[in-house]
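Scroll down for the structure; my scribbles are underneath it.
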Amino acid sequence: MTQAEKVATFKALLKSAGIQPKMKWNESTKLLINAPAWKVLNTVGEKKQAFAEFTTQLANELNVEKRRKQKIARENFLKLLAGNDRVTSQTRWPDLLDKSLGLVTDDRWNDVEDDAERRDLFSTYIADLGRNEREFKRQQRDAHRRTFLATLRDPSQHGLALNATTKFHEVRDKLLEVDSIKALNLHRADVQDWFNEYMDDLRREEELKKREERQRLREKEDELAATFKAFLNDEVKAKRLTTASRWRDCWSGYEANPTYCELKKLHSGLPRDIFESVMDRLHDALRDERSWLKHVVADAEFVVKYNSTLTLFLQHIRPTVEKFVRDRDNESGASPRQAFLSSLLDEATVPASVAEWFDAAHAKELERYQRMEAERLKKVDAFEEMLMEYYFRSDHLTTTWEDARAEIQHRSAYRALDDGAEVAFQQYMQKLQKKMESLTKTRKAVEASELERAQFQTPDSDAARRHHRSPSRSRSRSSHKRKRADRSVSKERKRSKKSSKKSSKKKHKRSRSRSG
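The opening residue of the sequence shown carries number 1 in UniProt numbering; numbering runs sequentially from there.
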């Protein structure tokens, strides 16, 4: 026999002898020492160990059985309470002790031996019963609420015109007469609360619809705004919109644009706001480009002149622009400044702002030059009129500038020209020389025509006499021509003197008016 079998045989002996868990070893030996199975285990230690294991296991089994019986007793006690219709959530412990209920005489009552335990079980049962009753009422009320709200949502059941502005007192009486609502036997306060809840739902639904409609219109408005903005940007690229454009000048041209018309219907002021925002960005971009261009022009030391051209300007600033571009290449990412500088390297890609700046600067410089040139020409004309008073004959052509300057340096017309007086004097002398040459050619032409006329006269006596007198007449006529030419020169000199005197009088009057 194995050791396990020996232990099992010894434990069977203990069980058959009725050994209890609380018995001592010495008490049990008196009952078992004469049994044949006592000697199955050889040593006392083995017997004591088997005895301890048996009593421990038996105690556990007895405890489990006791708890099982107690559980069954508690369950039966609760069933006893539940089976009595007179026990409600309002029942108290003293009421249970009334023999008329038939509880204290029931075996299930006595199975729970401890009175305190019975009280605890009763309290737990009453609490659960109250909770269940409340839950039932809550569920029933929720069911009534759902039925009531469903009735309100179905106009065919109540026949009332309900909307978000309807008040409870306006429909209260008619609402309580509806069969489906009347059958629920509802409390009037619940009816009012649930009606108000339904009205809140209606208002939320209407608000949600309005919000969805506003969102739809907003999305449509955003879409139209983006389309109109893209249209304006295209107008900017096509140079139909510039920084000089104004809304009052442009809006009438957009009336044929369907996007503009739809956007104007949704939001009358939005098209102008978009236009102004595009113009603001255009002005900002122009301001940045002007700032960058100013820096380039200053670094390149370029000065606009009246004879400057855009091509020459770009050629002049090209080294500076290339230097800036190389410096910017080291930076990460492309920037608007980098793109602007790169566009200056080719005349075909020059920004409109640069061309406009150059045209404006060139026009301003050209206007200044023309104004100064006109003033200079006026001074030259006055100087030539003054020279006509001194030099008007052919013998004056030999006059040198040094001699003339000594003679006219006290005149205001000379002082007004200053350094340009010598050039103007030389030009005047050239004009005088051409004029004298023209007069000489005129005299020679007149004399030649007279001689030809004399040679082709008829050879009769009268003609012969006239022929003999013709040389003197031709000479007199030629001398008359010369005198007439001299008179024209003298008249011209007199006119120049008069004009110079008038101009000097005017200057004198102006000087007196200034001094006054």
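Beta carbons: idealized from backbone N, C-alpha and C, even for Gly.
Separation of the CB atoms of L184 and L160 is rounded to 17 angstroms, and the pair is thereby denied contact status at 8 angstroms. Burial is judged here by how many other beta carbons sit within 10 angstroms of a residue's own beta carbon; M429 has at least 16 and is buried. Here E221 has L263, L266, H267 and L270 as same chain residues with Cβ atoms under 8 angstroms from its own Cβ, once five neighbours each way along the sequence are excluded. Counting only residues of its own chain and dropping the five nearest sequence neighbours on each side, F302 has a CB closer than 8 angstroms to the CB of F313, H316 and I317.
Put simply, of K6, L13, Q192 and E389 the residue whose alpha carbon is nearest the alpha carbon of N34 is L13. Minimum Cα-Cα distance from E205 among the listed residues T243, D114 and R153 corresponds to R153. Around A352, the same chain offers K239 and T242 as residues with beta carbons nearer than 8 angstroms, after the five sequence neighbours per side are excluded. In this chain, A164 is not harboured by any alpha helix (DSSP H), its DSSP state being neither H nor E. Measuring C-alpha to C-alpha distances from S156 to each of Y125, Q49 and D179 identifies D179 as the nearest.
In the DSSP assignment, T440 falls within the alpha helix (DSSP H) that extends over A421 to Q455. Contact between the stretch 435-455 and the stretch 403-415 is not established, with fewer than three Cβ pairs separated by less than 8 angstroms. Judged by beta-carbon spacing, K11 lies beyond the 9 angstroms limit of F77, meaning their Cβ atoms are not closer than that value.
The residue from A339, F195 and Q426 with its alpha-carbon nearest to that of F168 is F195. In the three-state reduction of the DSSP assignment, I317 falls in the helix class, which pools H, G and I. The count of Cβ pairs closer than 8 angstroms, one atom from the stretch 292-306 and one from the stretch 274-282, stays below three, leaving the stretches out of contact. Pairing L121 with R188 gives a Cβ-Cβ distance that is not under 9 angstroms. Cβ-Cβ distances below 6 angstroms link L58 to P21 in the same chain, with the five nearest sequence neighbours on each side left out; the list follows chain order. For N196, the three-state secondary structure derived from DSSP is helix. Judged by beta-carbon spacing, Y414 lies beyond the 9 angstroms limit of M388, meaning their Cβ atoms are not closer than that value. Short of 7 angstroms from the beta carbon of K229, and not among the five residues preceding or following it, lie these beta carbons of its own chain, in chain order: I274 and V278. Of the residues L417, W357, A355 and T9, the one whose Cα lies closest to the Cα of L377 is L417. Inclusion of T399 and Y391 in the CB contact set at 9 angstroms is warranted, their separation being smaller than that value.
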